[in-house]
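Chemist: Mind having a look at this structure? Questions to follow.
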Amino acid sequence: MAAEPTAQQLTAQHRPTLDRALEAIRTRAYWSPHPEHPKAYGENGSLDLAAGKAAFDALLGTRLDLGQPGTDDWVGGETSPYGVELGVSYPHADLDVLLPAMRAGMRAWRDAGAETRAMVCLEILERVSDRTLEFAHAVMHTSGQAFMMAFQAGGPHAQDRGLEAVAYAYAEQVRTPDTAEWTKPQGKRDPLALTKRFTPVPRGIGLVVGCNTFPTWNGYPGLFASLATGNAVLVKPHPRAVLPLALTVQVARQVLAEAGFDPNLVALAAERPGEGIAKALATRPEIRIVDYTGSTEFGDWLEANARQAQVYTEKAGVNTVVVESAGDYKGMLANLAFSLSLYSGQMCTTPQNLLIPRDGITTDQGPKSFDEVVADLAQAVDGLLGDDTRAAGLLGALVNPGVKDRLEAAAGLGEVALASRAIAHPEFPDAVVRTPVIVKLDGAKPDAEAAYMSECFGPVSFAVAVDSATDAAELLRRTVREKGAMTVGAYTTSPEFEEQVREVCLEEAAQLSLNLTGGVYVNQTAAFSDFHGSGGNPAANAALTDAAFVANRFRVVEVRQEA
């Protein structure tokens with residue numbers, strides 16, 4: 031009973047936001063309740079720039095005690111890609127103690143109903159939003175993103191995706207009414223009459239396996255989709271990116287407790303160095319949902335082995351841009367240069383393969399040969415990143431040594447059109463910052479195929495010469511079908527070729543961006559409007575976010591009796 035006034039207060043506070051989110055996913059129009067500029071923070075109890083940095087600095091070298099049951103050790107070891115030793119330690123859990131404790135609160139959470147669960151989730155998101163500038167530093171120093179990207183992608187954009195998941199979850203749960211009176215006429219006899227009650231029932235405990243590059247942006251959809259549908263959620267962060275998700279768990283536990291629910295509905299599973307608990311966790315019988323972003327190899331393993339769970343994966347793909355012709359050649363080059371450079375190509379949506387006819391293309395600046403297109407793109411990237419300070423703010427730092435190794439190896443795969451160079455970061459001298467490499471490949475050669483038909487995660491792009499535009503479309507089809515793609519881009523002034531590429535993407539379930547030349551880029555998606563992934567090709571078995579992403583996290587159980 032004590033939770034009832036709090037639930038009413040949360041509904042009064044957050045129901046308008048939920049209604050607006052429901053409208054946004056219906057219309058697909060632009061909307062966000064979370065400001066995208068740091069200057070918007072610092073009022074209404076939120077942290078400003080200085081306070082956000084101070085709050086992050088105060089975390090360094092501390093023990094983040096979440097009050098979880100079953101803590102048997104303290105673990106840590108994160109080092110920022112910028113060279114800062116975080117020194118934060120986290121609770122290590124005895125799962126045989128923690129998992130039963132998480133299940134204990136699920137009955138009350140289930141019985142609270144879809145609306146109350148949604149309101150609690152929105153309160154969690156609001157409190158995270160109030161600390162956006164603190165979270166921005168946490169994301170920056172675990173992912174290697176530059177500050178502005180860490181602020182936007184790790185803050186408001188991640189919060190938007192979490193809210194979007196809550197909206198979809200609520201919509202799917204209330205699609206079926208709570209009760210129904212059922213009467214069937216029987217002619218001269220009395221009618222048959224039943225009272226039916228329908229309850230959304232959670233699957234169990236959801237496991238969120240976090241990623242290194244976008245811990246909040248990729249983590250929040252699964253976390254909030256599972257929590258809003260009545261499940262408890264265990265968050266297992268990437269060992270190099272624990273802090274942003276640990277802070278999220280801390281906030282969630284506080285809000286749950288204040289709202290009268292068991293805080294153990296959300297918990298953290300940090301691991302010792304080299305422990306590798308994800309496989310053991312994902313196959314435990316208590317785990318009934320798994321959300322994962324990362325390598326294809328482990329994603330495939332989860333889909334094959336976590337058979338007791340509903341598994342949602344976002345894996346690797348080979349993203350492709352087809353350049354058939356250009357109505358705004360300069361705008362195309364600028365748009366592509368930014369797309370290839372943003373966060374050092376360490377986005378699952380960054381283009382890797384640029385398919386260009388070997389005989390060249392037509393443009394508004396006259397015909398351009400294959401070599402000219404590639405050289406002009408290299409010049410555009412070079413111009414964008416010519417100033418080291420600007421370059422560091424766009425590129426960020428390489429997230430791990432494996433990215434640097436792939437970058438250096440890529441130069442030996444073909445003719446280098448743009449060599450990568452080291453950037454000295456003006457603020458963090460130990461950061462590893464590199465500009466992209468562009469390598470020219472002949473699409474007809476088997477040794478080249480081995481390169482462009484594999485994902486090379488990081489600031490590596492291949493300019494692939496193909497025999498014709500039709501060959502480019504067929505190579506695009508084969509790439510998406512065999513390797514998957516999170517994004518596809520195309521540049522063309524031909525309605526016939528545009529329709530050809532569109533048909534390939536519809537048949538192979540790939541999200542397509544056409545002729546982007548302004549401030550929207552192929553590797554960016556907007557919550558409430560754009561779908562991230564499709565769930566229909568090998569890159570991902572789910573889309574962020576749609577009804578399919580939430581609907582199978584619960585089942586509707588019916589109880590009927592005679593009226």
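Terminal number for the sequence shown in the numbering used here: 593, no gaps in between. Beta carbons: idealized from backbone N, C-alpha and C, even for Gly.
Considering ARG590, what are the terminal residues of the beta strand (DSSP E) in which it resides?
Modeler: Residues 584–592.
Chemist: Indicate whether ALA408 and LEU366 have their beta-carbon atoms separated by less than 8 Å.
Modeler: For ALA408 and LEU366, no; Cβs fall outside 8 Å.
Chemist: Assuming ILE317 is part of the beta strand (DSSP E), what are its boundary residues?
Modeler: That run of the beta strand (DSSP E) goes 317–323.
Chemist: From MET31 to THR229, what does the alpha carbon distance come to, in whole angstroms?
Modeler: Confidence in MET31 is poor, its pLDDT being 37 and thus under 50, which makes the residue's placement unreliable; the coordinate value appears in the next sentence. Whole-angstrom Cα-Cα distance: 21 Å.
Chemist: State the beta-bridge partners of THR393 as determined by DSSP.
Modeler: In the DSSP output, where bridge partners are listed per residue, THR393 has ALA356.
Chemist: Indicate the three-state DSSP secondary structure (helix, strand or coil) for ILE453 in the structure shown.
Modeler: In the structure shown, ILE453 sits in a strand (DSSP, three-state: E or B).
Chemist: On the premise that HIS64 lies in contact with PRO186, defined as a C-beta separation below 8 Å, what is that separation, rounded to the nearest angstrom?
Modeler: Rounded, the Cβ-Cβ distance is 3 Å, consistent with contact.
Chemist: Taking only runs of the alpha helix (DSSP H) that begin and end inside the segment 176–217, which ones reach a length of at least 4 residues, in chain order?
Modeler: You should have 177–184 and 186–203.
Chemist: Taking 7 Å as the limit between beta carbons, can you name the residues of its chain near MET132, skipping five residues before and five after?
Modeler: For MET132, where only same-chain residues beyond five positions count, the Cβ hits under 7 Å are ILE235, ALA262, LEU264, ASN294, LEU295 and ALA297.
Chemist: In whole angstroms, what is the alpha-carbon distance linking LEU253 and GLU153?
Modeler: Approximately 14 Å between the Cα atoms of the pair.
Chemist: Would ALA422 pass as a contact of PRO456 if the rule is Cβ separation under 8 Å?
Modeler: Their beta carbons are under 8 Å apart, which means ALA422 touches PRO456 by this criterion.
Chemist: Please name the residue, chosen from THR162, ILE55, ARG318 and ALA593, that lies closest to GLU202 on a Cα-to-Cα basis.
Modeler: The option with the nearest alpha carbon to GLU202 is ILE55.
Chemist: Using only the alpha-carbon positions, how far apart do ASP576 and CYS151 sit?
Modeler: Whole-angstrom Cα-Cα distance: 18 Å.
Chemist: Tell me whether GLN338 sits in a helix, a strand or coil according to DSSP, three-state version.
Modeler: Here GLN338 sits in coil by DSSP.
Chemist: Taking only runs of the beta strand (DSSP E) that begin and end inside the segment 223–297, which ones reach a length of at least 3 residues, in chain order?
Modeler: List check, beta strand (DSSP E) in window: 235–239 and 262–266.
Chemist: Jot down the residue ranges of each uninterrupted alpha helix (DSSP H) in the segment 79–129, minimum 4 residues, whole runs only, in chain order.
Modeler: Listed in chain order, the complete alpha helix (DSSP H) runs (minimum 4 residues) inside the segment 79–129 are 79–89.
Chemist: Decide yes or no for the touch test of the segment 557–572 against the segment 580–589: beta carbon pairs closer than 8 Å, at least 3 of them.
Modeler: Segments in contact, no.
Chemist: Decide if the segment 538–547 is in contact with the segment 34–50; the criterion is three or more beta carbon pairs, one per stretch, under 8 Å apart.
Modeler: No, the segment 538–547 does not touch the segment 34–50.
Chemist: Determine contact between the segment 156–176 and the segment 422–441, defined as no fewer than three beta-carbon pairs at a distance below 8 Å.
Modeler: At 8 Å Cβ cutoff, the stretches touch.
Chemist: Measuring only the C-alpha atoms, how far is ILE319 from SER355?
Modeler: ILE319 and SER355: Cα-Cα distance of roughly 45 Å.
Chemist: Distance check for GLU194 and GLY135, CA to CA, integer angstroms please.
Modeler: The straight-line gap from Cα to Cα measures roughly 25 Å.
Chemist: Which whole-angstrom value is the C-beta distance of ARG337 and PRO232, which I expect to be below 8 Å?
Modeler: Actually they do not touch by this definition, with Cβ atoms about 19 Å apart.
Chemist: For LYS398, name the three-state secondary structure that DSSP assigns.
Modeler: LYS398 falls in the strand class under three-state DSSP.
Chemist: Do GLY488 and LEU415 have their CB atoms nearer than 8 Å?
Modeler: Result no, Cβ atoms of GLY488 and LEU415 do not sit closer than 8 Å.
Chemist: Express the C-alpha separation of SER491 and ASP412 in angstroms, rounding to a whole number.
Modeler: Spanning the two alpha carbons is a distance of roughly 14 Å.
Chemist: Relative to the C-alpha of VAL279, which residue among HIS44, ASP472 and GLY240 is closest?
Modeler: Here the closest residue by C-alpha is GLY240.
Chemist: Decide yes or no for the touch test of the segment 271–288 against the segment 305–318: beta carbon pairs closer than 8 Å, at least 3 of them.
Modeler: The segment 271–288 is not in contact with the segment 305–318.
Chemist: Report yes if the CB atom of ALA183 is closer than 8 Å to the CB atom of PHE244, and no otherwise.
Modeler: Taking 8 Å as the Cβ cut-off, ALA183 and PHE244 qualify as a contacting pair.
Chemist: Of the choices ALA495, GLU333, TYR322 and LEU155, whose alpha-carbon is the least far from that of GLN43?
Modeler: When only C-alpha atoms are compared, the closest one is LEU155.
Chemist: With 16 as the cutoff for other CB atoms within 10 Å, does TYR60 come out buried or exposed?
Modeler: Looking at its Cβ environment, which holds fewer than 16 other Cβ atoms inside 10 Å, TYR60 is exposed.
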